[in-house]
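Novice: Handing you this structure, nothing more for now.
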Amino acid sequence: MLRRKWGILSFLMVLVLLTGCFGSPEEEEPILEEGAEDGEEQVVEVVPQIITPDNYYQSVLYDGSYLHGESRGFGNAVVYNRLDLDRLEIGLTRLAQQQFDINNYYFREGQFIKRNELNSWLMRYDEESNPNGLNPPLGEGGDMRAREENQPRYLSHILEHNYLVEGSNGQLNLGGIVIGLSMNSVYNFRIEDEKGLYHNYELQLEQQKIEAEAERIATEILSRLRTMEDGAFEEIPILFAVFQEKPRESVIPGNFIATALAEPNSDLDRFQRLNERYYLFPSSEANQEVRNEADQFQRFKDDVQDFFDTYLGVVGKGFYVNNQIQELSIEIPLRYQGKAEIVALSQFVASQIQQRFQGNYKVSVEITSVSGNTESIIVQNPEEEPFIHVFD
Numbered sequence: 012m013l014r015r016k017w018g019i020l021s022f023l024m025v026l027v028l029l030t031g032c033f034g035s036p037e038e039e040e041p042i043l044e045e046g047a048e049d050g051e052e053q054v055v056e057v058v059p060q061i062i063t064p065d066n067y068y069q070s071v072l073y074d075g076s077y078l079h080g081e082s083r084g085f086g087n088a089v090v091y092n093r094l095d096l097d098r099l100e101i102g103l104t105r106l107a108q109q110q111f112d113i114n115n116y117y118f119r120e121g122q123f124i125k126r127n128e129l130n131s132w133l134m135r136y137d138e139e140s141n142p143n144g145l146n147p148p149l150g151e152g153g154d155m156r157a158r159e160e161n162q163p164r165y166l167s168h169i170l171e172h173n174y175l176v177e178g179s180n181g182q183l184n185l186g187g188i189v190i191g192l193s194m195n196s197v198y199n200f201r202i203e204d205e206k207g208l209y210h211n212y213e214l215q216l217e218q219q220k221i222e223a224e225a226e227r228i229a230t231e232i233l234s235r236l237r238t239m240e241d242g243a244f245e246e247i248p249i250l251f252a253v254f255q256e257k258p259r260e261s262v263i264p265g266n267f268i269a270t271a272l273a274e275p276n277s278d279l280d281r282f283q284r285l286n287e288r289y290y291l292f293p294s295s296e297a298n299q300e301v302r303n304e305a306d307q308f309q310r311f312k313d314d315v316q317d318f319f320d321t322y323l324g325v326v327g328k329g330f331y332v333n334n335q336i337q338e339l340s341i342e343i344p345l346r347y348q349g350k351a352e353i354v355a356l357s358q359f360v361a362s363q364i365q366q367r368f369q370g371n372y373k374v375s376v377e378i379t380s381v382s383g384n385t386e387s388i389i390v391q392n393p394e395e396e397p398f399i400h401v402f403d
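Take any residue in the sequence shown, count from 1 to its spot, add 11: that is its number in this note's numbering.
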């Protein structure tokens, strides 16, 4: 059977694929399944394999179309920082690989937690109006601000992913579910006063309480999933991953803090802590805690600044797991007068990446215009030469 890999491809990977730097996709045989309506057969296909430096699941197509999840677009309304939302989604597929072999399982967006259910789950619990709410009810207090602060909302978003596996009959069956719980680190709320004016407040949440609430919520969601679909999920392993968002104004995303697995016909195992985080370069925090990469970045930044006679605000974000850097992404905003400058800077950046960053991790650089358009990208994967693409 063909090895299959899938990717929620970022624009960097899309560009690389389009330029033909990786192997050609292999043809996949369609899988026929009986449709839910009128006994019609539904063609279920797996996206063709593309060999990339990153490991991705292949996604499943239904009648040639990508099947969007029930919560499509919902995260934009409940997760304030887009960086958090992107990291939540991509990170879930990365953590899923620890449980669901990327060579045997295929990705589909979540189909079981319906949109109206998700909305009610994210709201506060109310015995009469919303008994399914997973956030705690309002607390005690003399005014609404006190009631909000005495019982803040911890849960921000729930993201479901499905993983399918090929059965003995050649059809794709549900093989696993992954649930991402996105938790607030700061609770933002607003109160309307007697004059009809709104006042915004924020409350820093206690780490221990965040973790306790995540465990409580995961246990309740597991119970609901196990009883959903007439108990069809009793035999399905369900992985929970807890993501902690950053404050709204943060320029780096949040990170996953724990995972727990519920084996078939079993309760939730004990949560396992994760040691993941992002650092901003340059920053005092990075200088103190990841000095080696901070020094490398500063030398790279100085090199780029010396190349141009105008100031360039070079910034970077480093992703770390167990205190080891996994990926460094850099942005260089540039006010330029012609494409020749972009080409020259891209070539120079590629050479300096090789010189300054010699670790076993991916480095990507995006050169943008002051209007925010991407002008070029440079990507260096471990033990590979840098790849450059300049936009026309």
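For each residue, glycine too, the CB sits at the ideal point set by N, CA and C.
#1: Could you spell out the range, first to last residue, of the alpha helix (DSSP H) harbouring G102?
#2: What does DSSP give as the partner residue(s) for P264 in the beta ladder?
#3: Just to confirm the assignment, what range does the alpha helix (DSSP H) spanning F398 have?
#4: Check each candidate in G152, M134 and L356 and name the one with the smallest Cα separation from D317.
#5: If contacts are defined as beta-carbon pairs under 8 Å, then I343 and V381 qualify, I think. What distance do you get, rounded to the angstrom?
#6: Identify the residues that DSSP records as bridge partners of S380: which are they?
#7: Taking the straight line between their C-alpha atoms, what separation do you get for Y347 and L170?
#8: Is it right to say H168 is buried, meaning 16 or more other beta carbons lie within 10 angstroms of its own, or is it exposed?
#9: Assuming contact is defined by CB atoms lying nearer than 8 Å, are V55 and Q69 in contact in what I supplied?
#10: Taking P248 as the reference, give the member of E224, D280 and K220 with the closest Cα.
#11: What whole-angstrom Cβ distance do V135 and R164 have, given they're in contact under 8 Å?
#12: Taking its Cβ as the centre, do 16 or more other Cβ atoms sit within 10 Å of L23, making it buried, or is it exposed?
#13: Alpha carbon to alpha carbon, how far is V360 from Q215?
#14: What first and last residue would you give for the beta strand (DSSP E) that runs through Q391?
#15: Would Q366 be called buried (16 or more neighbouring beta carbons within 10 Å of its own) or exposed?
#16: Can you say whether C32 is buried or exposed, counting buried as having 16 or more other CB atoms within 10 angstroms of its CB?
#17: Let me confirm a value: V374 is counted as buried when at least 16 other C-beta atoms fall within 10 Å, else exposed. Which label applies?
#18: Pull up the CB-CB distance for Y117 and Y73, whole angstroms please, since I reckon it's below 8 Å.
Specialist: Quick look at the numbers:
#1: Locating residue 102 in the sequence shown gives position 91, counting from the first residue. First-last of the alpha helix (DSSP H) with G102: R93 to A107.
#2: Residue numbering aside, residue 264 sits at position 253 when the sequence shown is read from its first letter. DSSP, once it has assigned bridges, lists no residue as partnering P264.
#3: Along the sequence shown, one-based indexing puts residue 398 at 387. Where F398 is concerned, there is no enclosing alpha helix (DSSP H), although the beta strand (DSSP E) it sits in stretches over F398 to V401.
#4: The sequence position of residue 317 within the sequence shown is 306, counting from 1. Minimum Cα distance to D317 is reached at L356.
#5: For the purposes of this step, residue 343 is identified with residue 332 of the sequence shown, where counting begins at 1. For the purposes of this step, residue 381 is identified with residue 370 of the sequence shown, where counting begins at 1. Not really, about 12 Å apart at Cβ, beyond 8 Å.
#6: Locating residue 380 in the sequence shown gives position 369, where the first residue counts as 1. Listed as beta-bridge partners of S380 by DSSP are L345.
#7: As a working mapping, residue 347 is identified with position 336 in the sequence shown. As a working mapping, residue 170 is identified with position 159 in the sequence shown. So the alpha carbons of these two residues sit roughly 41 Å apart.
#8: Against the sequence shown, residue 168 aligns to sequence position 157. Buried is the call here.
#9: Mapped onto the sequence shown, residue 55 falls at position 44. Mapped onto the sequence shown, residue 69 falls at position 58. No, they are not a contact pair.
#10: Residue 248 sits at position 237 when you count from the first residue of the sequence shown. With distances taken between Cα atoms, P248 lies closest to D280.
#11: Within the sequence shown, the letter at position 124 stands for residue 135. Within the sequence shown, the letter at position 153 stands for residue 164. According to the sequence as given, residue 135 is Arg; it is not Val. With 8 Å as the limit, R135 and R164 qualify as a contact, their Cβ atoms being about 7 Å apart.
#12: By 1-based counting over the sequence shown, the position of residue 23 is 12. With a pLDDT of only 37 at L23, under 50, the local geometry of the prediction cannot be trusted, and no value is derived from it.
#13: Counting from one through the sequence shown, the residue named residue 360 turns up at place 349. Counting from one through the sequence shown, the residue named residue 215 turns up at place 204. Cα to Cα, the separation comes out at about 40 Å.
#14: As a first step, residue 391 must be located in the sequence shown, where it is residue number 380. Looking at the DSSP string, the run of the beta strand (DSSP E) that includes Q391 is T385 to Q391.
#15: Counting from 1 along the sequence shown, the entry for residue 366 is found at position 355. Exposed is the call here.
#16: By 1-based counting over the sequence shown, the position of residue 32 is 21. For C32, the predicted model reports a pLDDT of 37, less than 50, meaning its position is unreliable; a value from the coordinates is still stated below. By the neighbour-count rule (16 or more Cβ atoms within 10 Å), C32 is not buried but exposed.
#17: Position 363 of the sequence shown holds residue 374. Its Cβ being crowded by 16 or more others within 10 Å, V374 is buried.
#18: The sequence position of residue 117 within the sequence shown is 106, counting from 1. The sequence position of residue 73 within the sequence shown is 62, counting from 1. Between Y73 and Y117 the Cβ distance is about 12 Å, and since that is not below 8 Å, they are no contact.
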